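As you go down the protein sequences, you meet chains A, F and X in turn.
Quick note: the first sequence uses our numbering, first residue 206, plus one each step.
Quick note: the second sequence uses our numbering, first residue 206, plus one each step.
Quick note: the third sequence uses our numbering, first residue 206, plus one each step.
Glycine included, every Cβ here is placed at the ideal spot set by N, Cα and C.
Nothing here was measured: the structure is a model prediction, and the numbers come from that model.
A short worksheet on the structure shown next.
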Amino acid sequence: MKTDPSYTFRPSELEPARATALRHEIEAFNDEYCAVLDANLVEDWPRFFVADCVYRITARENAELGLPVGLVYAEGRGMLEDRAVAISRTQMFAPRYTLHMISNTRALRESADGEIAAEANFLLLQTLVEGATSIHMAGKFHDRFVRVDGRLLLKERQVVYDTTLIANDLVYPV
Amino acid sequence: MKTDPSYTFRPSELEPARATALRHEIEAFNDEYCAVLDANLVEDWPRFFVADCVYRITARENAELGLPVGLVYAEGRGMLEDRAVAISRTQMFAPRYTLHMISNTRALRESADGEIAAEANFLLLQTLVEGATSIHMAGKFHDRFVRVDGRLLLKERQVVYDTTLIANDLVYPV
Amino acid sequence: MKTDPSYTFRPSELEPARATALRHEIEAFNDEYCAVLDANLVEDWPRFFVADCVYRITARENAELGLPVGLVYAEGRGMLEDRAVAISRTQMFAPRYTLHMISNTRALRESADGEIAAEANFLLLQTLVEGATSIHMAGKFHDRFVRVDGRLLLKERQVVYDTTLIANDLVYPV
């Protein structure tokens, strides 16, 4: 079967100094994004996206085969907002803690109109009440950023996870 | 119950370029701090703190409720030194290896007198002799740094861990 | 028994601004290195090394005791190329995914002829088909880089793992 090249290795097309500057900016973005999610402020999550966005959570196998399906698919910030409200109303008290570790952030391309393609590795840890901490999911963010009023926002985030077995609960954003 | 706002999400109040510069400085500090601990040089650990410091290890649940208790609490570098000596004399040979992974470092505020508030995510891995590597603890550092002779030192480190079940052994610094 | 000082804590001898600049360059190198390995492009792996290189994977206990043995030892890029071809031909389809998380990168020294000593922590996650994600190996890279045509290449990479029990399968590069 053919492999979708978007999800295999892509060399950075950027000049090293520019790649580093963008990487630092993206790291700051992701660190704030994760701090919001790990504080369980899911209703604050859609503000990291532009109105006309795509958000998907899918398995690496599906992504590499170019399959459109996924665990979660949302088009437009409105769908993210609906989802966020639904999640936050379903569970008043979080029965678990999450912690995102982000590493290996790479800025890959920057278009003339300022759109940036990037990726980063994530490890999503989960701690159930009275429990040990375990690996909930690990994988890569495949992102496209745009700049609005000087700040980065997500135009597209594809959360591609390696972990095949996902606990079958209500899926929080990653 | 009321939640202590110090341990929930806090946006950075810093201008982006300043936040990035401080983050890089804090990352270098934490990387050296962790390298010392992971080399089992616990007696070298107090040198990362000012004399008038606070060090605490506590559960996220306790921190968020504003409870003063914790697994470990030390005021002043003298207490850290006593603790370090006690630990290093108790076990001549380390029965385990530790490895700290630090990510998601965020500089949040800087006061006029140079005190810096910051946080970072940590994953503390543990490997018992002849064993596999497992997650010992994961959580966040909530830090206040001051600058002495141009270099950062910890005025306060609150190690807030998600992991509820901690192996009931002699607690090493984190 | 005597401990080999190369594998215990080493303070950085670099001026802070230089250490930070080199760290960022090394992080970019390692992020690309890991992206290639995690995309299963093992035949592309030797290009990160100079012709006259050393690559070793060994247990922390062995490294600290100064023992020359290890799980994998290769001298010269030719040996890496042979190894890469052997691995890629043995398994046409990868039965697992890997994901490297790199953190705590430290630039330690830089010689007059531009050789750089550095270290970084790695966490190598593994996901078997239809399985959960688990910790395959964790430890430190102990590296020597040289600069060729302005770009970093590895003169030496010692992969020193804490994890004592390694799954007894064909060993991929780390």
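Closer than 7 Å at the beta carbon, the chain F residues around residue i
i       : result
S308(X) : M306, I307 and S308
A244(X) : Neighbours of A244(X) on chain F: none; closest Cβ ~22 Å, over 7 Å.
P221(X) : A233
8 Å Cβ cutoff, residue i in contact with chain A
i       : result
V379(X) : no
A343(F) : yes
N235(F) : no
G271(F) : no
Contact check, residue i vs residue j, beta carbons under 8 Å
i       : j       : result
T369(F) : V334(A) : yes
L358(A) : L330(A) : no
T332(X) : H229(F) : no
A317(A) : D348(A) : no
L328(A) : M306(X) : yes
G283(X) : I262(X) : no
D249(X) : V241(X) : yes
Y377(A) : M342(A) : no
P251(F) : A291(F) : no
Y212(A) : A264(A) : no
A337(F) : N235(F) : no
E286(X) : L219(X) : no
Of the residues the options, the one placed nearest residue i, counting alpha carbons only
i       : options                               : result
F346(F) : L246(F), E232(F) and R223(F)          : E232(F)
D257(X) : E324(X), Y366(X) and V353(X)          : V353(X)
E266(A) : A337(A), F253(A) and D209(A)          : D209(A)
P221(X) : A222(F), L227(F), P221(F) and Y302(F) : L227(F)
G319(F) : V247(F), F350(F) and A337(F)          : F350(F)
V247(F) : Y302(F), L272(F), E361(F) and R223(F) : Y302(F)
G281(X) : E237(X), R356(X), V255(X) and Y238(X) : V255(X)
I321(X) : E237(X), G271(X) and K360(X)          : K360(X)
E237(A) : R356(A), Q363(A) and G344(A)          : R356(A)
C239(A) : G344(F), P300(F) and G271(F)          : G344(F)
Cross-chain neighbours of residue i in chain F, by beta carbon under 9 Å
i       : result
I340(X) : L330, A337, T338, S339 and I340
Under 7 Å by beta carbon: chain X residues contacting residue i
i       : result
V247(F) : Those within 7 Å of V247(F) in chain X number zero; the least Cβ separation is about 11 Å.
Expected contact under 8 Å - CB spacing of residue i and residue j to nearest Å
i       : j       : result
S308(A) : S308(F) : 6 Å
R294(F) : S217(F) : Their Cβ separation, rounded to whole angstroms, is 42 Å, which puts R294(F) and S217(F) out of contact at 8 Å.
F214(F) : A244(A) : 4 Å
Minimum Cβ-Cβ distance from residue i to chain F less than 8 Å
i       : result
D367(A) : no
D287(A) : no
P210(X) : no
H229(A) : yes
V274(A) : no
A224(X) : yes
R362(A) : no
Residue i: contacting residues in chain A (beta-carbon distance under 7 Å)
i       : result
V241(X) : F214
Proximal chain A residues relative to residue i, where beta-carbon distance stays under 8 Å
i       : result
Y302(X) : R265 and D367
8 Å Cβ cutoff, residue i in contact with chain X
i       : result
R314(A) : no
R311(A) : yes
M206(A) : Its pLDDT being 47, under 50, M206(A) is placed unreliably by the model, and the measurement read from it follows with that caveat. So, not an interface residue.
Contacts of residue i in chain X (Cβ-Cβ under 8 Å)
i       : result
V334(F) : T369
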